[in-house]
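**Student:** Take this structure, written in C-alpha cells, and hold onto it; I'll ask about it next.
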Amino acid sequence: MEKKYWNPYVGGIVLGTMLFLTFAIASQGFGASGTFSRMTAQFLVDSDKSWLDNAYIASYFRHGDNALLNWTVVETFGILIGGFASALLAGRFIFRPDKAPSYPMPKRFFWAFIGGMIVAVSTRLARGCTSGQGLDGMATFSVGAWIFMFTTFASALILSPLFKKQWNDEGEAS
Amino acid sequence: MIDTLILPLFKNGFLSPEANMFFALIMGIVFGFVLERTGFTRAQHIADAFYFRNLAVPKIMGSTVVVASTWMIIFSWFGWIDLNLLFTPATYIWPYVVGGLLFGAGMVIAGYCPGTAVAGLGTGKSDALVFLLGVFAGMFLYFILYPFIADFASSTNLGVLKLHDLFGGNEYTSYILTVALETGIILFMMLLQKLTRKGTK
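These protein sequences, in sequence, are chains A and B.
Here the numbering used here is used: the first residue of the first sequence is 5, the next is one more, and so on.
Here the numbering used here is used: the first residue of the second sequence is 2, the next is one more, and so on.
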C-alpha cells in the first residue's frame, strides 16, 4: 500500500529549515547540476589529459587533480541514498518510467534523454539549476535567481501543450 | 579565549573541511529523503505544475524559500549569522535569460531537473536514469561548444546582486520583497488553476 505524499506546506517548512541549516553550517546551499559537470570533466581528463586544454574543464582542476572532491558532489551522492531509503520505507520503490500508461516507452526515453541534454547545457549558462538558483539563489535574495526562474517558467508554460501526451492519457483523471 | 561563535560555521573556520564533507553526505541524504516524501521524484508531478493540474511543486518551492529566508533574517537580526558569507551565484543577465529559457524547455520535455532525477533514480525510475545519461551527454556538448560561446557565457556579469541592491534598502527590504513575490505568485497560480478548472488539488 502506497503512502500519501506530504502536504506541500509541511514539505516547504521541512525543506526550508534544512536549507537554512545547510547555509548556516556549510556556508552554501543545495546543488546538483555541478556534480554532473564535474563527473563528465573528470571522466574526460582521466581518459585523455589533453582535455585540460579546454578552459571550462581546466577550471575544475585549479585546486587539485580531483574535480570530485567537492561539497556538492558528495551531497548529490547523498540525494541518491536518501531517495532510495525514503521510497523503500514508503513502499514506493519500483523499477519503471514515469509516463501516461499508453505513451510508448521508447518515445518517453527519447524525450528524457533530449531533455537531459538541454537541461545540462542550460545549467552551465545559468550557473545552477532549480537547487542552486531556484532555492539557494532565491533564499539569499539574488536577482539572477529571479531572472532564471521567471524565464524557466515562461518557457515551460509556452512549450507545455506540445508534451501533454507524455504525462496523462486523454480523459484520465489526474 | 575563543572567537565568538558566529554562523556560517565553515566560512568562519569552526568546521574542518573533512567534517563539512561528512555534513554534505548527511544533508544530501536528508534532502533526497524529503524530495521523495514530497513527490518531487515523479516526473508527472513536476510536469503537472505547468498544466495547473497540481501546484504542489511551486507551493513547496515557494514556501521553502520563504521559510529559509525567514530563518536567515531572524538569525541575522540577533547577529548570529553573517549573511554576506553565504554563497550566492553572480548575476549574468543574458546567459541567465537564455539558460532559463532552455532549462524550462528541458524540464517540460523531460519532467526532471538534476536534483529530482538523482532522487528519482534512487526510487527506481528508469526514465530518470535515461535523463541523467542525457545530462552527461549535454555536459560533454557544452565543453565542446565552450570555446565558441565563452564570451557570451561570461557576458553581462553584474557580480553578486541582491534584490535590495536594485530597489534600495537592506536585507530586510529583500526579505519583504521575496515573501511578497513568492506569496503573490502562488496565489496567482491558484487563481489560474481555479479559472482553468483543471485542478484537483
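Glycine included, each C-beta is placed from N, C-alpha and C at the ideal position.
Does the beta carbon of A/Leu56 come closer than 7 Å to any beta carbon on chain B?
**Tutor:** What you label residue 56 of chain A is simply residue 52 of the first sequence in a count that begins at 1. For A/Leu56, the nearest beta carbon of chain B is not closer than 7 Å to its own beta carbon.
**Student:** May I have the straight-line CA-CA distance separating B/Tyr173 from B/Thr157, to the nearest angstrom?
**Tutor:** The residue you call residue 173 of chain B lines up with position 172 of the second sequence. The residue you call residue 157 of chain B lines up with position 156 of the second sequence. If I take the Cα positions, the gap works out to 27 Å.
**Student:** When the distance is taken between beta carbons, is B/Ala151 closer than 7 Å to B/Phe132?
**Tutor:** Along the second sequence, one-based indexing puts residue 132 of chain B at 131. Along the second sequence, one-based indexing puts residue 151 of chain B at 150. The Cβ atoms of B/Phe132 and B/Ala151 do not sit closer than 7 Å to each other.
**Student:** Output the boundary residues of the alpha helix (DSSP H) element that contains B/Val161.
**Tutor:** Taking the second sequence and counting its residues from 1, the one referred to as residue 161 of chain B is at position 160. No alpha helix (DSSP H) holds B/Val161; DSSP gives it neither H nor E.
**Student:** Tell me which residues share the same chain as B/Ala154 and place their Cβ nearer than 7 Å to its Cβ, disregarding the 5 neighbours each side in the sequence.
**Tutor:** By one-based count along the second sequence, residue 154 of chain B stands at place 153. Correct list, in chain order: Pro96.
**Student:** In chain order, what residues of the same chain have a beta carbon less than 8 Å from the beta carbon of B/Gly80, not counting five sequence neighbours either side?
**Tutor:** Taking the second sequence and counting its residues from 1, one reaches residue 80 of chain B at position 79. Excluding sequence neighbours, B/Gly80 sits near Ile7.
**Student:** Between which two residues does the alpha helix (DSSP H) holding B/Leu84 run?
**Tutor:** Walking along the second sequence from the start, residue 84 of chain B turns up at place 83. Segment: none, B/Leu84 is in no alpha helix (DSSP H) and carries neither H nor E.
**Student:** Would you please verify whether the beta carbon of B/Asp83 is less than 7 Å from any beta carbon of chain A?
**Tutor:** Against the second sequence, residue 83 of chain B aligns to sequence position 82. No, no contact with chain A.
**Student:** Give, in chain order, every residue of the stretch 76-103 of chain B whose Cβ lies closer than 8 Å to some Cβ of chain A.
**Tutor:** Phe76, Ile82, Leu84, Leu86, Leu87, Phe88, Thr89, Pro90, Ala91, Thr92, Tyr93, Ile94, Pro96, Tyr97, Val98, Val99, Gly100, Gly101, Leu102, Leu103
**Student:** Leaving out five residues before and five after B/Leu16 in sequence, what residues of the same chain have Cβ atoms less than 6 Å from its Cβ?
**Tutor:** Residue 16 of chain B sits at position 15 when you count from the first residue of the second sequence. Taken in chain order, the residues that qualify are Leu10.
**Student:** Going straight from the alpha carbon of B/Lys163 to that of A/Ala116, what length do you get?
**Tutor:** Here residue 163 of chain B corresponds to residue number 162 of the second sequence, with the count starting at 1. Here residue 116 of chain A corresponds to residue number 112 of the first sequence, with the count starting at 1. A straight-line Cα-Cα distance of about 34 Å links B/Lys163 and A/Ala116.
**Student:** Cβ of B/Leu103 within 7 Å of Cβ of A/Ser126?
**Tutor:** Numbered from 1 along the second sequence, position 102 holds the residue referred to as residue 103 of chain B. Numbered from 1 along the first sequence, position 122 holds the residue referred to as residue 126 of chain A. Yes, the Cβ-Cβ distance between B/Leu103 and A/Ser126 is below 7 Å.
**Student:** What whole-angstrom Cβ distance do A/Trp171 and B/Gln45 have, given they're in contact under 8 Å?
**Tutor:** In the first sequence, the residue the question calls residue 171 of chain A occupies position 167. In the second sequence, the residue the question calls residue 45 of chain B occupies position 44. Yes, A/Trp171 and B/Gln45 are in contact; Cβ-Cβ is about 5 Å, under 8 Å.
**Student:** Would you say A/Leu23 and B/Ala69 are within 7 Å of each other, going by their C-beta atoms?
**Tutor:** Taking the first sequence and counting its residues from 1, the one referred to as residue 23 of chain A is at position 19. Taking the second sequence and counting its residues from 1, the one referred to as residue 69 of chain B is at position 68. Result yes, Cβ atoms of A/Leu23 and B/Ala69 sit closer than 7 Å.
**Student:** Please determine whether the Cβ atom of A/Phe157 lies at a distance below 6 Å from any heavy atom of the ligand SAM.
**Tutor:** Of the ligands one can find in the structure shown there are none, so the ligand SAM has no counterpart to examine.
**Student:** Between B/Arg43 and A/Asp140, is the Cβ-Cβ spacing less than 7 Å?
**Tutor:** Walking along the second sequence from the start, residue 43 of chain B turns up at place 42. Walking along the first sequence from the start, residue 140 of chain A turns up at place 136. Their beta carbons are not under 7 Å apart, which means B/Arg43 does not touch A/Asp140 by this criterion.
**Student:** Return no unless some Cβ of chain A is closer than 7 Å to the Cβ of B/Lys45.
**Tutor:** Position 44 of the second sequence, counted from the first residue, corresponds to residue 45 of chain B. A small correction: the amino acid at residue 45 of chain B is Gln; Lys does not occupy that position in the sequence shown. Yes, B/Gln45 counts as interfacial toward chain A.
**Student:** Can you list, in chain order, the residues of its chain whose CB lies under 8 Å from that of B/Thr197, leaving out five sequence neighbours each side?
**Tutor:** Here the question's residue 197 of chain B lines up with position 196 in the second sequence. So the list reads Phe53, once near-sequence residues are dropped.
**Student:** Within 10 Å of its beta-carbon, does A/Glu174 have 16 or more other beta-carbons around it, so buried, or fewer, so exposed?
**Tutor:** For the purposes of this step, residue 174 of chain A is identified with residue 170 of the first sequence, where counting begins at 1. That one is exposed.
**Student:** Between A/Phe114 and A/Lys168, what straight-line distance do the alpha-carbon atoms span, to the nearest angstrom?
**Tutor:** Position 110 of the first sequence holds residue 114 of chain A. Position 164 of the first sequence holds residue 168 of chain A. Going by the C-alpha atoms only, they are around 15 Å apart.
**Student:** Quick one: is B/Glu19 buried, meaning 16 or more other Cβ sit within 10 Å of its Cβ, or exposed?
**Tutor:** Walking along the second sequence from the start, residue 19 of chain B turns up at place 18. Counting Cβ neighbours within 10 Å, B/Glu19 comes out exposed, since fewer than 16 surround it.
**Student:** Measuring straight from C-alpha to C-alpha, what distance separates A/Asp69 and A/Thr80?
**Tutor:** Reading the first sequence from its first residue, position 65 is the one you call residue 69 of chain A. Reading the first sequence from its first residue, position 76 is the one you call residue 80 of chain A. One C-alpha to the other measures close to 20 Å.
**Student:** Using the rule of at least 16 other Cβ atoms within 10 Å of the residue's Cβ for burial, across every protein chain shown, is B/Ile75 buried or exposed?
**Tutor:** Taking the first residue of the second sequence as position 1, residue 75 of chain B is located at position 74. It is exposed - the Cβ of B/Ile75 has fewer than 16 other Cβ atoms within 10 Å.
**Student:** Spatial neighbours of B/Ala50 within its chain, please: C-beta separation below 7 Å, excluding the five flanking residues on both sides.
**Tutor:** Residue 50 of chain B sits at position 49 when you count from the first residue of the second sequence. So the qualifying residues of the chain are Leu56, Val58, Pro59.
**Student:** Work out the CA separation of B/Ile187 and A/His67 for me, nearest whole Å.
**Tutor:** Along the first sequence, one-based indexing puts residue 67 of chain A at 63. Along the second sequence, one-based indexing puts residue 187 of chain B at 186. Taking the straight line from one Cα to the other gives about 42 Å.
**Student:** How big is the Cα-Cα spacing for B/Ile47 and A/Gly35?
**Tutor:** Along the second sequence, one-based indexing puts residue 47 of chain B at 46. Along the first sequence, one-based indexing puts residue 35 of chain A at 31. The straight-line gap from Cα to Cα measures roughly 18 Å.
**Student:** With the cut-off set at 7 Å, would you say B/Phe32 and A/Ile162 are in Cβ contact?
**Tutor:** Here the question's residue 32 of chain B lines up with position 31 in the second sequence. Here the question's residue 162 of chain A lines up with position 158 in the first sequence. Cβ distance not < 7 Å, so B/Phe32 and A/Ile162 don't count as in contact.
**Student:** Please classify A/Ala61: is it buried, with 16 or more other beta-carbons within 10 angstroms of its beta-carbon, or exposed?
**Tutor:** As a first step, residue 61 of chain A is located in the first sequence; it is residue number 57 there, counting from the start. For clarity, residue 61 of chain A is Ile in the given sequence; the question names Ala instead. The residue is buried, with at least 16 neighbouring Cβ atoms inside 10 Å.
**Student:** Taking its Cβ as the centre, do 16 or more other Cβ atoms sit within 10 Å of B/Asp128, making it buried, or is it exposed?
**Tutor:** Walking along the second sequence from the start, residue 128 of chain B turns up at place 127. Burial call: buried.
**Student:** Which residues mark the beginning and the end of the alpha helix (DSSP H) in which A/Gly38 is found?
**Tutor:** In the first sequence, counting from the first residue as 1, residue 38 of chain A sits at position 34. Unbroken alpha helix (DSSP H) run through A/Gly38: 37-51.
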